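Residue numbers for the sequence shown follow numbering that gives the first Met the number 0, so the first one is 0 and each next one is one higher. Glycine included, C-beta positions come from ideal geometry on N, C-alpha and C. Small disclaimer: the values here were computed from a predicted structure and weren't measured.
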Amino acid sequence: MASITATGAVATAPKRRPALGWLLHDGVVVAKRNLIQTVRVPEMIFFSLVQPVIFVVMFAYVFGGAIPIPGADPGAGAAAYREYLVPGIFGQTVAFAAAASTVGLAEDLHKGIIDRFRSLPMASGAVLFGRTAADAIRQILVLVVLSVTGLVVGWRIHNGVLDALAAYGLLLLFAYTVAWIGAWVGLHMPNPETANTAGLIWLFPLTFLSNCFVPLSGMPPVLQTIAEWNPVSSMVLACRQLFGNPTGEISDAWPMQNPILYTVISCSVLIAVFSVLAVRKYRRSNG
């Protein structure tokens, strides 16, 4: 609506921005900013790739011969474990992407960059949407490098392109899910040093209490039950089935019988819960 001011000028009321559209628009801008920042610091990319590659090589050649895979061809030996291992390393790597979100947000808070964003006419959730999206997109490069490393040590894709793309899609969905959890944790940290420690504490039990590295049948009953309902286990099992790799013995637990469906449901629930919690924390700290 237009009105005439005391000086005779015509003033136009500011247009209201559609909330969802500007959330996506501002979030994409923030995501581009974070991705450009990554490209300008190549050391960050290098060291984020080194650790999972070392895990693949060490587990494949140091522990591989000592861990039998139930149900696999007895004559395959360590080769069966390598095909079993690589999807597990995929799962562990995308889960640890949450630590980058935790530390990145803590650094932005500590340096005052978040305060600068708050002074701009941006959608309140755009900073978190952009950060989590950028952290998930970075995992594409990591998965490419890990896949090449896996092929070198003997891992293979047996079920065709479409199933393989579905497996990679599940991995990226899980990376996006844990990025929201990491963002929520990062907003509670007083400085990057604390965030660096807190961002890893919950990730180690999440990934090691799963089927990433060893079959669940070898665990004590209580831990086995927890691991069966761990979304990391269902995500890794789904990837093994889609890639056509050995899965080990699969229990009757519902997540293990329906790994793809359970992974999608658990990721959707976790994104819904932690995106609300993270945006609420961001708004409260805004005041």
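Candidates the options: closest to residue i by CA position
{"i": "W201", "options": "N158, I156, A96, N210", "result": "A96"}
{"i": "W183", "options": "V38, G20, R117, A105", "result": "A105"}
{"i": "L215", "options": "S118, Y167, I66, S274", "result": "I66"}
{"i": "D162", "options": "I270, V93, A237", "result": "A237"}
{"i": "A166", "options": "L108, W253, T101, L260", "result": "L260"}
{"i": "A77", "options": "S118, P189, V56, V275", "result": "V56"}
{"i": "R155", "options": "P189, A79, A174", "result": "A79"}
{"i": "F173", "options": "H157, S233, A194", "result": "S233"}
{"i": "D107", "options": "N210, M255, A194", "result": "A194"}
{"i": "G20", "options": "I225, L276, M121", "result": "M121"}
{"i": "F46", "options": "D25, M218, A99, G26", "result": "A99"}
{"i": "F58", "options": "V152, R115, L23", "result": "V152"}
{"i": "V278", "options": "N158, Q223, R117", "result": "R117"}
{"i": "A252", "options": "L276, V275, I225", "result": "I225"}
{"i": "A132", "options": "L276, Q256, Y175", "result": "Y175"}
The alpha helix (DSSP H) enclosing residue i, as first and last residue numbers
{"i": "Q252", "result": "For clarity, residue 252 is Ala in the given sequence; the question names Gln instead. Counting along the chain, A252 falls outside any alpha helix (DSSP H), and DSSP gives it neither H nor E."}
{"i": "S216", "result": "From DSSP, S216 is part of no alpha helix (DSSP H); its letter is neither H nor E."}
{"i": "D72", "result": "It is not in any alpha helix (DSSP H) - D72 carries neither H nor E in the DSSP assignment."}
{"i": "S232", "result": "230 to 242"}
{"i": "I53", "result": "41 to 57"}
{"i": "F128", "result": "125 to 152"}
{"i": "S118", "result": "It is not in any alpha helix (DSSP H) - S118 carries neither H nor E in the DSSP assignment."}
{"i": "L186", "result": "160 to 186"}
{"i": "T206", "result": "202 to 207"}
{"i": "A97", "result": "96 to 110"}
Residue i, buried or exposed, once every other Cβ within 10 Å from all chains shown has been counted against 16
{"i": "V40", "result": "exposed"}
{"i": "V213", "result": "buried"}
{"i": "T206", "result": "buried"}
{"i": "Y60", "result": "exposed"}
{"i": "R239", "result": "buried"}
{"i": "I287", "result": "Lying outside 0 to 286, the shown extent of the chain, residue 287 is not represented and no answer is given."}
{"i": "S267", "result": "exposed"}
{"i": "P258", "result": "buried"}
{"i": "T196", "result": "exposed"}
{"i": "V221", "result": "exposed"}
{"i": "R130", "result": "buried"}
{"i": "P189", "result": "exposed"}
{"i": "P69", "result": "exposed"}
{"i": "V29", "result": "buried"}
{"i": "D72", "result": "exposed"}
{"i": "Q50", "result": "exposed"}
{"i": "F273", "result": "buried"}
{"i": "Q91", "result": "buried"}
{"i": "S265", "result": "buried"}
{"i": "D25", "result": "buried"}
{"i": "S209", "result": "buried"}
{"i": "L22", "result": "buried"}
{"i": "E254", "result": "According to the sequence provided, residue 254 is Pro. The question's Glu does not apply to it. Buried: at least 16 other Cβ atoms inside 10 Å."}
Contact with chain C by residue i, beta-carbon distance below 8 Å
{"i": "A132", "result": "This model lacks chain C altogether; it includes just one protein chain."}
Cβ-Cβ separation, residue j to residue i (assumed contact under 8 Å), whole Å
{"i": "Y281", "j": "L186", "result": "6 Å"}
{"i": "L142", "j": "F89", "result": "7 Å"}
{"i": "V102", "j": "G198", "result": "6 Å"}
{"i": "L140", "j": "I270", "result": "Between I270 and L140 the Cβ distance is about 22 Å, and since that is not below 8 Å, they are no contact."}
{"i": "L170", "j": "V52", "result": "That pair is no contact at about 16 Å."}
{"i": "G111", "j": "V235", "result": "That pair is no contact at about 40 Å."}
{"i": "A109", "j": "P204", "result": "According to the sequence as given, residue 109 is His; it is not Ala. Not a contact, Cβ separation roughly 27 Å."}
Inset, instruction - Count the C-beta pairs between the segment 115 to 132 and the segment 214 to 232 that are closer than 8 Å, then say yes if the count reaches three, no if not. - result: Verdict: no, contact absent.
Inset, instruction - Please determine if the segment 140 to 148 and the segment 175 to 191 are in contact, where contact requires at least 3 C-beta pairs separated by less than 8 Å. - result: Judged by Cβ distances under 8 Å, the segment 140 to 148 makes no contact with the segment 175 to 191, as fewer than three pairs qualify.
Legend entry - Any 3 or more C-beta pairs closer than 8 Å across the segment 243 to 263 and the segment 77 to 86: yes
Legend entry - Stretch-stretch touch, CB-based, cutoff 8 Å, three pairs: the segment 26 to 42 with the segment 127 to 138: yes
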